[in-house]
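Colleague:
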Amino acid sequence: MNTNTSPVLGPVNIVVALSCEAKPLIAHFKLKRTSDRSGFVVYGNKQNITLIVTGIGKIPMAAACGYLAGLQINENQSKSAWLNVGIAGHKRSVIGKALLVHKVTDLISGNTHYPPLLLDINCETTELISVDVPETVYRENSAYDMEGSAFYGVASRFVSSELVQIVKIVSDNLDNPSGEITKNKTQVWVTDNLTTIAAIVDQLQSITFDYNLIYALSSQYLRLVEKVHLTASQQVQLKNLVSRFHALGGTELERKLTPESHKSSRNLIKKLKLLIEEI
Amino acid sequence: MKFSCVYVEEEIADTPRVQEILCRLSQTPKVSISRYGEVFNRRSQNFRLQKRKPALILAKKYGKFVLPAPEGYGFNRDPSFYFSHMLNCVYDCRYCFLQGMYRSANYVLFTNYEDFAASLQDEMTAQSKNTVFYSGYDCDSLALEPVSKFTEFFIDWFAQRPTTTLEIRTKSTQVRSLFNLSPISNCIIAMSFTPSDVNQEWEDKVPSIDKRLEALGKLQEQGWRIALRLEPLIYQKDFEKSYERLLASIFDKLDAKNIHSVSTGLFRMPKTFFKNIVENYPDEALYARRFDQRDGLIAQFVNQETEMTDIVESLLAKYIPKSILYRCA
Chain A
7 MNTNTSPVLG PVNIVVALSC EAKPLIAHFK LKRTSDRSGF VVYGNKQNIT
57 LIVTGIGKIP MAAACGYLAG LQINENQSKS AWLNVGIAGH KRSVIGKALL
107 VHKVTDLISG NTHYPPLLLD INCETTELIS VDVPETVYRE NSAYDMEGSA
157 FYGVASRFVS SELVQIVKIV SDNLDNPSGE ITKNKTQVWV TDNLTTIAAI
207 VDQLQSITFD YNLIYALSSQ YLRLVEKVHL TASQQVQLKN LVSRFHALGG
257 TELERKLTPE SHKSSRNLIK KLKLLIEEI
Chain B
771 MKFSCVYVEE EIADTPRVQE ILCRLSQTPK VSISRYGEVF NRRSQNFRLQ
821 KRKPALILAK KYGKFVLPAP EGYGFNRDPS FYFSHMLNCV YDCRYCFLQG
871 MYRSANYVLF TNYEDFAASL QDEMTAQSKN TVFYSGYDCD SLALEPVSKF
921 TEFFIDWFAQ RPTTTLEIRT KSTQVRSLFN LSPISNCIIA MSFTPSDVNQ
971 EWEDKVPSID KRLEALGKLQ EQGWRIALRL EPLIYQKDFE KSYERLLASI
1021 FDKLDAKNIH SVSTGLFRMP KTFFKNIVEN YPDEALYARR FDQRDGLIAQ
1071 FVNQETEMTD IVESLLAKYI PKSILYRCA
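Chains as they are written, first to last, in our numbering: chain A, 7 to 285; chain B, 771 to 1099.
#1: Do the region 201-217 of chain A and the region 78-91 of chain A touch if we need at least three Cβ pairs shorter than 8 Å?
#2: So, under 8 Å CB-CB, S955(B) and P932(B) are touching, yes? Tell me the CB distance rounded to an integer number of Å.
#3: Quick one: list the residues of chain B neighbouring L213(A), beta-carbon separation under 9 Å, in chain order.
#4: Could you have a look at I1081(B) and say whether DSSP puts it in helix, strand or coil?
#5: Alpha carbons only, please: which of S224(A), Y217(A), E260(A) is nearest the one belonging to Q820(B)?
#6: Can you tell which of H1030(B), F853(B), F1061(B) has the C-alpha that lies nearest to the C-alpha of K1041(B)?
#7: Which residues in chain B sit within 7 Å of I220(A), going by Cβ to Cβ distance?
#8: Indicate the three-state DSSP secondary structure (helix, strand or coil) for D908(B) in the structure shown.
#9: Kindly list, in the order they appear in chain B, the residues whose Cβ is closer than 8 Å to that of A253(A).
#10: When the distance is taken between beta carbons, is L983(B) closer than 8 Å to S1019(B)?
#11: Output the distance between the C-alpha atoms of S41(A) and Y49(A), rounded to the nearest integer angstrom.
#12: Who are the near neighbours of S12(A) in its chain, counting only those whose CB is closer than 6 Å to its CB and skipping five residues on each side?
#13: Report the neighbours of E808(B) on chain A: residues whose CB is nearer than 8 Å to its CB, in chain order.
#14: Please classify G185(A) as buried or exposed, where buried requires at least 16 other C-beta atoms within 10 Å of its C-beta.
#15: Does any residue of chain A bring its CB to less than 8 Å from the CB of C775(B)?
#16: Which of the three DSSP states, helix, strand or coil, is assigned to Y1057(B)?
#17: By a C-beta neighbour count over all protein chains shown, 10 Å radius and 16 as the cutoff for buried, is P122(A) buried or exposed?
#18: Check distances from the C-beta atoms of the region 95-108 of chain A to those of chain B and list, in chain order, the residues that come in under 9 Å.
#19: Taking the beta carbon of F1071(B) as the centre, do at least 16 other beta carbons fall within 10 Å, making it buried, or is it exposed?
#20: In or out: V143(A) buried (at least 16 other Cβ within 10 Å) or exposed?
#21: Starting from L1(A), find everything on chain B with Cβ-Cβ shorter than 8 Å and list it in chain order.
#22: With a Cβ-Cβ cutoff of 8 Å, do L998(B) and F949(B) count as a contact?
#23: Expressed to the nearest angstrom, what Euclidean distance is found between the alpha-carbon atoms of L169(A) and Q789(B)?
#24: How big is the Cα-Cα spacing for P1052(B) and R250(A)?
#25: By Cβ distance below 8 Å, which residues in the same chain neighbour I285(A) in space, the five residues on each side in sequence not counted?
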């Protein structure tokens, strides 16, 4: 188990295509701009919420997700949940309604993803079809957007799919064409659904916190790796031994490791095995 | 029974059995899929997270429906086979090999029971001796009964074939459907038990020992043939006392003279499954223990296995004749 003193809330990345989608979220989560580097605008707060504005389309979305994941590489390998929030067309659904996505299909490639529905959220669910040009015919009774499939395909490479979710807000349908969408309307739709979005973020933070507690590398392990040179396979062995030590209820590991243990990788592993047998 | 979502294979979406199941789950989101593998076998899934809120996948089974039971699995030497109308279990037993066998914790329910029946018939016809079929190897046979209606179909099928035997292995108390059926002599309801300390520590969502005994007692009273499966035997401090208490409870509630068979089974699993489970549960004390490795299997040390098996069998000898006791591989 990880014994790091992590924040109580696990990290969540909110990914939006448009600035007008971002604005109400920035205000609600009290996010501050954190990156002045060129490329993508990134916001964050002390509660472990990060937001990135990607631009429209699959390529900017994929690039932004990769960019953000790169920024967040950390030595203890803790993970962030990913949430795509954005507007989408829908054949029949009511304008302004939030829909959690249970299936996302890329229209061109046919690739499909199934975001697991683990959250306790009172929100209708939908299939989402990602297209390259705005959809006006709405052939299927599904939501249509231009980024969802790219978001899911990329984000689920960085973390288990349970921690990758998409919520779409209906912006256009057969009676209300996409040409009528404005920045102001978009902001209002996102604002109207902040309760749902915040509930999703809240639950993702809770799950991610638990996830990192279990799977992130412990600070004890990291300190040991710094002290002794280990090969890649020895690092894996050490990680497993440290986990076993804690799982069996072992305490004060570093105090029990004598200076002799730190003289070589073999000594360290041997001593740790002995300590485990003594538990 | 609540599911996070129901995935339905397009091919079977309109079949009566699937329609009936979907009617009962009208409040659950439904998602259309081509084949169950695209959800169930996908990479980037976490079994442990999914176990918080599993989904149900309604699918059509292809390929081999009936497989030879592992050697030594059965209660006699008749040809033995197993079949799985479901993959995964609604319970969350930390010692269970299914956690390491599948990437997903979602439940797959194969609804083409008629195809299973045809394969059972083929296997039965091909054997010269009586045949035993085991259900409950890759799932708990009864735990999803309100949705699957497994017994309704298969008990009726086996009732018409009295020379062949069905063993339903379970930890479930979902036995109401059996009360509505007439007992048949060629069906055995085999309930698995571990002592209460193991039950409390490692059998999340499994009904209590008392509840299971109550259900089994009622089945026995009604004329169903029942069996006890003491598995897995996990080496614990004071395990002898734990089993003494467990057996006292069991034989206080059940008629020992009217038990089909009792088996013991050891904690064993393929190395790859073990490795997958450790990855999912690095903080689990059970898997942090030292284990032995023999013939590609992870097992407890031989001296522990021998000690436990001998002691549990000697405790059992106080209640049942040796003739109905066997060791399940």
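All C-beta atoms, glycine included, are put in the ideal place defined by N, C-alpha and C.
Modeller: Per the coordinate set shown:
#1: Proximity of the region 201-217 of chain A to the region 78-91 of chain A meets the contact definition, three or more beta-carbon pairs being nearer than 8 Å.
#2: Rounded, the Cβ-Cβ distance is 7 Å, consistent with contact.
#3: Reading off the sequence, residue 213(A) comes out as Ile, not Leu. Ordered by position in chain B, the residues that pass the 9 Å Cβ test against I213(A) are L819, R822.
#4: Three-state result, I1081(B): helix.
#5: The shortest Cα separation from Q820(B) among S224(A), Y217(A), E260(A) belongs to Y217(A).
#6: For K1041(B), the closest C-alpha among the options H1030(B), F853(B), F1061(B) is that of F1061(B).
#7: From the beta-carbon of I220(A), the residues of chain B found nearer than 7 Å are P1052, D1053.
#8: If DSSP states are grouped into helix, strand and coil, D908(B) belongs with coil.
#9: P1052, D1053, E1054, A1055, Y1057, A1058, listed in chain order.
#10: Here S1019(B) is near L983(B), since their CB atoms are less than 8 Å apart.
#11: One Cα belongs to S41(A), the other to Y49(A), and the distance between them is close to 7 Å.
#12: Its pLDDT being 46, under 50, S12(A) is placed unreliably by the model, and nothing is read from it.
#13: For the C-beta of E808(B), the chain A residues within less than 8 Å are, from N- to C-terminus, T118, Y120.
#14: By the beta-carbon neighbour count (other beta carbons within 10 angstroms, threshold 16), G185(A) is exposed.
#15: Yes, C775(B) lies at the interface with chain A (some Cβ there is under 8 Å from its Cβ).
#16: Three-state DSSP puts Y1057(B) in a helix.
#17: By the neighbour-count rule (16 or more Cβ atoms within 10 Å), P122(A) is buried.
#18: Result list: L106, H108.
#19: With fewer than 16 other Cβ atoms inside 10 Å of its own Cβ, F1071(B) counts as exposed.
#20: It counts as exposed.
#21: Beyond the ends of chain A as shown, which are 7 and 285, falls residue 1(A); an answer cannot be given.
#22: No. Outside cutoff.
#23: Approximately 31 Å, taken between the alpha carbons.
#24: Using only the alpha carbons, I get a separation of about 7 Å.
#25: Once the five neighbours on either side are set aside, the close Cβ partners of I285(A) are F251, L254, G255, G256.
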